[in-house]
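Read through the structure below, which is laid out as C-alpha cells, and then see the notes.
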Amino acid sequence: MLMPKRVKYRKQQRGRMNGKAYRGSSVTFGEYGLMSLDPAWVTNRQIEAARVAITRSIKRGGKMWIRVFPDKPVTKKPAETRMGKGKGAPEFWVAVVKPGRIMFELEGISRAAAQEAMKLGASKLSVRTRFVERHELGRE
Amino acid sequence: MAVIPLTGARRDDIGKGGARKARAAGRIPGVLYGHGEEPVALSVSAREFELAVRKQGGNPIMGLGLDGGEHTALIRAVQYDPISHDILHLDFLRISLTETIEVEVAIRLVGTPAGVKDGGGILEPILRELKVRCLPTAIPAFVEVDVTALEIGDSVHVSAISAPGVTIVTDAEVTVATVVPPTVQVEEKPAEEAAAAAATAAGATAAEPEVIAKGKKEEGEAEEGKGGKEGKGGKEGKGGGKEGKGGKGGKDK
Numbered sequence: 001m002l003m004p005k006r007v008k009y010r011k012q013q014r015g016r017m018n019g020k021a022y023r024g025s026s027v028t029f030g031e032y033g034l035m036s037l038d039p040a041w042v043t044n045r046q047i048e049a050a051r052v053a054i055t056r057s058i059k060r061g062g063k064m065w066i067r068v069f070p071d072k073p074v075t076k077k078p079a080e081t082r083m084g085k086g087k088g089a090p091e092f093w094v095a096v097v098k099p100g101r102i103m104f105e106l107e108g109i110s111r112a113a114a115q116e117a118m119k120l121g122a123s124k125l126s127v128r129t130r131f132v133e134r135h136e137l138g139r140e
Numbered sequence: 001m002a003v004i005p006l007t008g009a010r011r012d013d014i015g016k017g018g019a020r021k022a023r024a025a026g027r028i029p030g031v032l033y034g035h036g037e038e039p040v041a042l043s044v045s046a047r048e049f050e051l052a053v054r055k056q057g058g059n060p061i062m063g064l065g066l067d068g069g070e071h072t073a074l075i076r077a078v079q080y081d082p083i084s085h086d087i088l089h090l091d092f093l094r095i096s097l098t099e100t101i102e103v104e105v106a107i108r109l110v111g112t113p114a115g116v117k118d119g120g121g122i123l124e125p126i127l128r129e130l131k132v133r134c135l136p137t138a139i140p141a142f143v144e145v146d147v148t149a150l151e152i153g154d155s156v157h158v159s160a161i162s163a164p165g166v167t168i169v170t171d172a173e174v175t176v177a178t179v180v181p182p183t184v185q186v187e188e189k190p191a192e193e194a195a196a197a198a199a200t201a202a203g204a205t206a207a208e209p210e211v212i213a214k215g216k217k218e219e220g221e222a223e224e225g226k227g228g229k230e231g232k233g234g235k236e237g238k239g240g241g242k243e244g245k246g247g248k249g250g251k252d253k
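Residue numbers (our numbering), protein chains in the order written: chain A, 1 to 140; chain B, 1 to 253.
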C-alpha cells in the first residue's frame, strides 16, 4: 500500500479542505481520467483497492497513473480510552482530495474500456467521481 | 489559417470583483498584451467565443475588435474551472501576420504500430505538442507522425517529423512516442491475498516511515517510553530469557 518512506513529523493536524483543486485538475499523462467531485480523505487502502480494480479491468494493455499520494497520517486513540493523555498513534495514511482533482489516468485502451475500468475503480473510493477526457481548446 | 473575428470590450473594472461580474454577465474576462504595447484588460462574449473557436484546433488567430480598432492576436493561455471546464480567463497575445512566431502544435499519431498489432504492446505518446516557428498564417492545425513501423521497444523522435513550411524548435532527440511491452498482471491467489490483507490489518501501525528530524524522533521515542512502561518491562524480561539461553549454551559445552 502507498505510504511515505520518510516523514519529517509522525503526526499531523487535520487541516481544512475548502475550495477546488486547481492543481492536479487536468488530465496530463494519459487520455482518460477519473475526477473527484467531493472533498475527502482518500485512504491508502481505498487507492489500492481502486488500483487493483482498474488493472484487473484493463487486463493486459493500457497504462495507468495514480495521481494522488497518501502522505497525511491519521491518528486514532485506542478503544475505551479516556480523553487526554496526548494524541493517538498513527493508524493509516490518506490523500487529501478536493473537487476537480484527477485521481487516476489511463492510456492505450478504448474509451469504453477506460470508462468501465474507471467505474469499477470509482466504486472503491469514498468520493463521487466523473469520467473525464484530455481537454484542449477547440476540440470537440 | 484564417483570422477569426471576435468582438471584445474594454474592461475598466479590473481585479477579482470585475472578473466575477463579467462572468456573471456571460462574458469571459481576458487580457491583451504583447508587441511592445500596453496590456489591455478586456472581456469577450462567452457564447461568441465558444462558437468562434469550435473545431478550430489549437492555435486560432483572432481578429479582436476593440474600441473601433482590430488587433490580430493568438490565444496564449486559457484558464479553466477545474470541475465544469468553463473558461475563466483568456490571454490574447498581439501578433503581426508578417512576423514569425513560436507556437505549440498538436502531434497526431497516425496508424497502428506493428508492435501493438502483432505483439500486443502499448503505444505510449510521450510528446503531445511540438514547438514550431513559422508565420502566423502558416501554423498547421496538427503535425502527423507515422507510427506504423514501430515494434515493441521502438520509439520515434522529433528528428523523424517532417513539417513543411515550419521550423521545428523542439530538440530533435526528444522522443515523440514509444511502444512499450504489455503489462503482465500477476493474479494473486485468494489465500495469499487474505493473508496479505490480514498482515496489513494487523501491522497497519507497525509499518511506520522513518522520521527525518532527529530531535523530533527522540521526542517521539521519549513519549512512547513514558506511555509504555509495561513494554519496557517486557523487553527486560526478554533480555533475561536470552541470558538463560546463554547459560544453556554453556551447559552444552
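Virtual Cβ for every residue (Gly too), placed ideally from N, Cα, C.
Remember, predicted model here, so these are calculated numbers, not experimental data.
Taking the CA atoms as reference points, A/V68 sits about 18 angstroms from A/Q12. Sorting A/V52, A/A114, A/P73 by C-alpha distance to the C-alpha of A/F131 places A/A114 at the top.
Between B/V44 and B/G8, the gap from beta carbon to beta carbon is short of 8 angstroms.
As a beta-bridge residue in DSSP terms, B/H89 pairs with B/Q79. Remark: C-beta atoms of B/L130 and B/I168 approach each other more closely than 8 angstroms. Residues of chain B with a Cβ closer than 7 angstroms to the Cβ of A/Y22 are, in chain order, P82. By the neighbour-count criterion, in which 16 or more other beta carbons inside 10 Å mark a residue as buried, A/Y32 falls on the buried side. Just so you know, the alpha carbons of A/G84 and B/A25 end up roughly 54 angstroms apart. A/M35 is bridged by DSSP to A/I102, A/R130.
Following the DSSP letters along the chain, one finds B/V158 in no alpha helix (DSSP H), marked with neither H nor E. With contacts defined as CB atoms closer than 8 angstroms, B/I126 and B/T178 qualify as a contacting pair.
If you keep only unbroken beta strand (DSSP E) runs of at least 3 residues inside the segment 123-177 of chain B, you get 129-134, 142-146, 155-157. Secondary structure of A/M118 (DSSP, three-state): helix. Annotation: the continuous beta strand (DSSP E) that includes B/V103 extends over 101-110. Closest in alpha carbon position to A/R101, among A/L2, A/M17, A/S25, A/M1, is A/S25. Taken through DSSP and simplified to helix, strand or coil, B/A25 comes out as coil. Annotated three-state conformation of A/T28 is coil, per DSSP.
Spatial neighbours of A/F92 in its own chain (CB-CB distance under 6 angstroms, excluding positions within 5 residues in sequence) are listed in chain order as T43, V74. Linking A/P4 to A/I109 through their CA atoms gives a straight-line distance of about 30 angstroms.
Contact annotation for B/H85 against chain A: V132, H135 [CB-CB distance below 9 angstroms, chain order]. No Cβ-Cβ contact shorter than 8 angstroms links B/T175 with B/S159. The segment 70-77 of chain B makes no contact with the segment 146-154 of chain B: fewer than 3 CB pairs, one atom from each, lie closer than 8 angstroms. Scanning chain A for C-beta atoms nearer than 8 angstroms to the C-beta of B/P182 yields R60, G61, reported in chain order. B/S45 is bridged by DSSP to B/R27. If you look at A/T75, you'll find it in the beta strand (DSSP E) that goes 72-76. Under the Cβ distance rule, B/E102 does not count among the residues neighbouring chain A, no pair being separated by less than 8 angstroms. By the criterion of a C-beta distance shorter than 7 angstroms, B/A163 is surrounded in its chain by V132, P140, V143, once the five residues flanking it on both sides are discounted. Of all residues in the segment 98-129 of chain B, the ones placed with a Cβ closer than 8 angstroms to any Cβ belonging to chain A are A106, G120, I122, L123, E124, P125, in chain order. Legend: CB atoms of the segment 92-111 of chain A lying less than 7 angstroms from CB atoms of chain B belong to residues F92, P99, G100, E107, G108. Just so you know, the alpha carbons of B/H89 and B/D118 end up roughly 46 angstroms apart.
Sequence-distant partners of A/L37 (beyond 5 residues in either direction) whose C-beta falls short of 7 angstroms from its own C-beta, in its chain, are P99, V127, R128, T129, R130.
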